[in-house]
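Structure, as structure tokens:
Number of protein chains: 2
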Amino acid sequence: MALGSGQMGGPLLTVGSVALDSVRTPFGEVVEELGGAACYASVSASFFTAPRVVAVIGEDFPERHVARVAARGVDLAGLQRVAGKTFRWLGYYEYDLNQAHTVRTELNVFEGFRPTLPESYHTSPYVFLANIDPVLQLSVLDQVRRPKLVACDTMNYWIESARDKVLEVLARCDIALMNEAEARELVGMPNLISCARQILDYGPGVVIIKKGEHGSMMLTQDSYFTAPGYPLEEVKDPTGAGDTFAGGLMGYLARCGETDDSAVRRAIICGTVMASFAVEDFSLDRLLRLTHEEIAERYHDIVAMTRVEAM
Amino acid sequence: MALGSGQMGGPLLTVGSVALDSVRTPFGEVVEELGGAACYASVSASFFTAPRVVAVIGEDFPERHVARVAARGVDLAGLQRVAGKTFRWLGYYEYDLNQAHTVRTELNVFEGFRPTLPESYHTSPYVFLANIDPVLQLSVLDQVRRPKLVACDTMNYWIESARDKVLEVLARCDIALMNEAEARELVGMPNLISCARQILDYGPGVVIIKKGEHGSMMLTQDSYFTAPGYPLEEVKDPTGAGDTFAGGLMGYLARCGETDDSAVRRAIICGTVMASFAVEDFSLDRLLRLTHEEIAERYHDIVAMTRVEAM
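Chain order of the listed sequences is A and B.
As numbered in the working numbering, residues 1 to 311 make up the first sequence, in order.
As numbered in the working numbering, residues 312 to 622 make up the second sequence, in order.
Spelled out as structure tokens, the structure:
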């Protein structure tokens, strides 16, 4: 399928954070730059389908950031601007870029965030619930009418503080996305395959576990798929890689309109490709100057790097 | 290519340790069981080609262990039995099976090991140098006449104590095998792809980096390949996995007689398959009851689990 702005499946609604990130890595530093799961996922998805966002920002959120996201064709009808300061994350990475160190999280307006979908979003066929409070994820699901495909992410904080609600969300999702540590914490078993199998029993038909530089794996009742990480020699900032992955994955599925095993595999490679670009620069800088040709080339690279003949 | 006992390429010579391993994992324990890199690699290779071994054992080494290895068709003309006790390793694993904890290493007769190849081994076309002292690895290379393909492994101890000699070995090898931590330590860079590229510059045409449960990657001047780990829900004992991988890899190459990119990729999958069986039981127990049908089935599984269509 050729890339482009057309859609066979329909728009992708993402609900999550929009943030001002201050990040330091061994390769540089940015202060209060554009970030947040909903930004990374939507901009990533914009290369495949029409994204729409439900999120909240404060009065201090720079208009130029809004403009950059809007320029990618992201529908911002659901972006609420309210009194107060925008959500901020301050963190750093050392040479082990797999490990984010949080210095400070300022929830600010995000603390009172209650996702309210504009009327035009109620029929969103594709939904990605980023790693916000599972109670809010559930309220979004209550507002969309018969979505075609729902994916959710979560994080250790919610697994520890609201496990029952996380399970409720999983029971209503088609695709569960999480990283290795989250899967192990949610299930309480050391073996990742056993964890993935258990998560399938919680309800979703597809479980995708992100393993950072080691790629990802997908498990369904009758299929197992592994995708490698894209081999990068220069990673500047891994912030947002997981959300960019999710945006590419769901964006591709929203574009192709299929949900069979082969489509999900292709979508995982698209997610891998998008994440590989995201980490090449700080904030969304690399994503915002990306081309469809670059995406297609890297997709082809990954297919080539896993190719093996029969014995 | 069908599996079997025939050979197109020729025999595989392995030089390394034969040991009595005492291992405890969360799933059981064995005391003074058959182990050592040369055993794992040769028995693994025996499913593909005719293996031969140069190693040393003490007077106390049980004859039944010799018989079990010989029963797999391993040529033991180069197995020296000398006065003294056999090399012993005592270790354990906790739930993170990627991390071996050594309690005690007793070199015993291994301390005075000087590999001397029987006349019949001098023309060995395929050579695997397991992770022994690089000075000994070099002495083996001095004894074989124009081998067709040489692979070497190493370990942190030699990288730290005899780096120059390790580099000398690498310069004379076709395939360098090592794990992630060893590659990073040898090169001194955090990025694994950069490390692999640097190791290519040391001389070998192929660098293969083993990543435990995350699989492996191969880099050459013009190719990059990633193989996933085989998804196992029950791992009893990871001891010997890397040597079993090397044995399957080199055994396959020795059998098919080819050394092009496609052959090395297939060989890596064979190594992955063999290692996946080795860890399912203690010592060489699983390998010694393995069938060619099981190998072929798991090879096919891995091809299926990485299959993805064009975008």
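Quick reminder that beta carbons are idealized off the backbone N, C-alpha and C, glycines included.
* Would DSSP call I519(B) helix, strand or coil? -> strand
* Along chain A, in chain order, which residues have C-beta atoms closer than 7 Å to that of E544(B)? -> Here the neighbours are N191, I193, S194.
* Beta-carbon proximity check, M311(A) vs H433(B), cutoff 9 Å -> no
* Where the alpha helix (DSSP H) through Y590(B) begins and ends -> Checking the sequence, you will find Val at residue 590(B) rather than Tyr. Premise fails: V590(B) is in no alpha helix (DSSP H) and is neither H nor E.
* To do: Can you pull the chain A residues whose beta carbon is under 7 Å from the beta carbon of T537(B), in chain order?
  => P228, M305, T306
* Relative to the C-alpha of T259(A), which residue among G58(A), E293(A), G205(A) is closest? -> G205(A)
* **Reduced DSSP category for D571(B) - H, G, I as helix; E, B as strand; rest coil** => coil
* Could you round the C-beta distance between E545(B) and E591(B) to whole angstroms and report it? I think they count as a contact, below 8 Å. => About 7 Å; that satisfies the 8 Å criterion.
* Asked: From the DSSP output, which residues share a beta bridge with T416(B)?
  -> For T416(B), which the question treats as bridged, DSSP gives the partners W400(B).
* Helix, strand or coil: which one does DSSP assign to E605(B)? -> helix
* Go to C173(A), then tell me how far its alpha helix (DSSP H) extends in each direction, as first and last residue. => For C173(A), there is no enclosing alpha helix (DSSP H), as DSSP marks it with neither H nor E.
* Whole-number beta carbon distance between P426(B) and V451(B), since they are thought to touch under 8 Å -> Right, the Cβ-Cβ distance comes to about 5 Å (below 8 Å), so this counts as a contact.
* Asked: Between which two residues does the beta strand (DSSP E) harbouring P445(B) extend?
  -> Looking at the DSSP string, P445(B) is not in any beta strand (DSSP E); the run it does join, the alpha helix (DSSP H), is 445-454.
* Asked: What residue does the alpha helix (DSSP H) around D21(A) start on, and which one ends it?
  -> No alpha helix (DSSP H) holds D21(A); the beta strand (DSSP E) holding it covers 19-25.
* Asked: So which residues of chain A does S573(B) contact, with C-beta pairs closer than 7 Å?
  -> Neighbours of S573(B) in chain A, taken as residues whose beta carbon is under 7 Å from its own, are E309 in chain order.
* Asked: If we count the other Cβ atoms within 10 Å of its Cβ and call it buried at 16 or more, is A171(A) buried or exposed?
  -> Exposed, since its Cβ has fewer than 16 Cβ neighbours within 10 Å.
* T555(B) and S333(B): beta carbons closer than 9 Å? -> no
* In chain order, what residues of the region 275-304 of chain A put their CB closer than 7 Å to some CB of chain B? -> A296, Y299, V303
* **Neighbourhood of M585(B) by C-beta distance below 6 Å, restricted to the same chain and skipping five residues each side** => The beta carbon of M585(B) lies closer than 6 Å to those of S355, T555, G559 in the same chain, with the five residues before and after it left out.
* Exposed or buried, G112(A), counting other C-beta atoms within 10 Å across all chains shown (16 or more means buried)? -> exposed
* To do: Give a yes or no on whether 9 Å exceeds the smallest Cβ distance from R52(A) to chain B.
  => no
* Asked: Measuring CA to CA, which of T531(B), T413(B), T360(B), V365(B) is closest to V329(B)?
  -> V365(B)
* To do: Please check if any C-beta of chain A sits within less than 9 Å of the C-beta of D548(B).
  => It does not: the Cβ of D548(B) has no partner Cβ on chain A nearer than 9 Å.
* Asked: In whole angstroms, what is the alpha-carbon distance linking L324(B) and A304(A)?
  -> 32 Å
* Does any C-beta atom of chain B lie closer than 9 Å to the C-beta of I268(A)? -> yes
* Roughly how far, in whole angstroms, is the beta-carbon of P322(B) from the beta-carbon of S435(B), given that I think they are within contact range, below 8 Å? -> 6 Å
* When burial is assigned at 16 or more other CB atoms within 10 Å of the CB, is Y157(A) buried or exposed? -> exposed
* Asked: Is the region 367-374 of chain B close to the region 389-405 of chain B, with three or more CB pairs under 8 Å?
  -> yes
* What are the partner residues of R392(B), as DSSP defines its beta bridges? -> According to DSSP, R392(B) bridges with I368(B).
* N-terminal and C-terminal residue of the beta strand (DSSP E) that A621(B) is part of -> That residue, A621(B), is in no beta strand (DSSP E); it is neither H nor E in DSSP.
* Whose Cβ in chain B lies nearer than 8 Å to the Cβ of R265(A)? -> R618, V619, E620
* **Three CB pairs or more closer than 8 Å across the region 158-167 of chain A and the region 182-198 of chain A** => Touching, yes.
* Bridge partners of R114(A), per DSSP? -> Looking at the DSSP assignment, R114(A) forms no beta bridge with any residue, so it has no partner.
* To do: Name, please, each residue of chain B whose Cβ falls closer than 7 Å to the Cβ of H101(A).
  => Those do not exist, as H101(A) stays about 16 Å from chain B at its closest Cβ, beyond 7 Å.
* Which residues, in order along the region 83-117 of chain A, keep a beta-carbon less than 9 Å from a beta-carbon of chain B? -> Y95, D96, L97
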